[in-house]
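FYI, the numbering for the sequence shown is 1 to 149, going by our numbering.
The beta-carbon is built from N, C-alpha and C at its ideal position, and this holds for glycine as well.
Just so you know, these numbers come straight off a predicted model, no measurement behind them.
Worksheet for the structure shown next.
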Amino acid sequence: MPIRWTSSATLLEYPLVSIALGPDPSKSELRGHARAIIAIGDIATGVIAPGGVARAAVALGGLAIGGIVLGGCGIGILALAGLALGCLAMGGLAIGYAAIGGLAVGYYAMGGAAFGQFVIGPLHQDPQAVEYFSKLWPGLPIPPGRKLR
């Protein structure tokens, strides 16, 4: 049974809230697509959007694309996901300018397997990476290791 609801309240001509879940055969839709400031749906597009596929400034979903993203696969400025791609990426596989994860790839990288210009890994620490991550996230536990440079 599909769920479709859109608030009558608007902000800048966009609905404040829209919910679109499940298939709707009457409209020949396989998935609900919510479009609003706060969009909740199988596909969600808005400022804040939780959904299977979410596109928003703050996106949460299986595939999340936007500014701040949280999900299975996340692409954004700040990405926290199993597979995270972003300026600052954190996840199982993190790829970005600064990456923190099990497998981290970035200019600055920290993780179990870290690859990049300046890295913090289980066996070594680059002083530049330690300085960068310490400023980025004060109090972040930096694993002990030997310094290469």
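How would you call residue i, buried or exposed, if buried means at least 16 neighbouring beta carbons within 10 angstroms?
{"i": "residue 56", "result": "buried"}
{"i": "residue 125", "result": "buried"}
{"i": "residue 112", "result": "exposed"}
{"i": "residue 28", "result": "exposed"}
{"i": "residue 139", "result": "exposed"}
{"i": "residue 127", "result": "exposed"}
{"i": "residue 148", "result": "Bear in mind that a pLDDT of 49 at residue 148, under 50, signals an unreliable position, so the number given afterwards is only what the model happens to contain. Flag for residue 148 reads exposed."}
Considering only DSSP beta bridges, list what residue i is partnered with.
{"i": "residue 137", "result": "Bridge partners of residue 137: none, in fact."}
{"i": "residue 86", "result": "76 and 96"}
{"i": "residue 108", "result": "98 and 118"}
{"i": "residue 69", "result": "59 and 79"}
Taking 8 Å as the cut-off, does the CB of residue i come closer than this to any heavy atom belonging to the ligand MN?
{"i": "residue 135", "result": "The ligand MN is not part of this structure, which contains no ligands at all."}
Among the options, whose alpha-carbon lies nearest the alpha-carbon of residue i?
{"i": "residue 11", "options": "20, 35, 23 and 4", "result": "35"}
{"i": "residue 2", "options": "15, 41, 104 and 8", "result": "41"}
{"i": "residue 92", "options": "85, 86, 102 and 98", "result": "102"}
{"i": "residue 43", "options": "33, 22 and 37", "result": "33"}
{"i": "residue 116", "options": "72, 78 and 95", "result": "95"}
| request: Would you mind listing the beta strand (DSSP E) stretches within the stretch 5-39 that are 3+ residues and don't spill past its ends, in chain order? | output: Qualifying beta strand (DSSP E) stretches, in chain order: 17-21.
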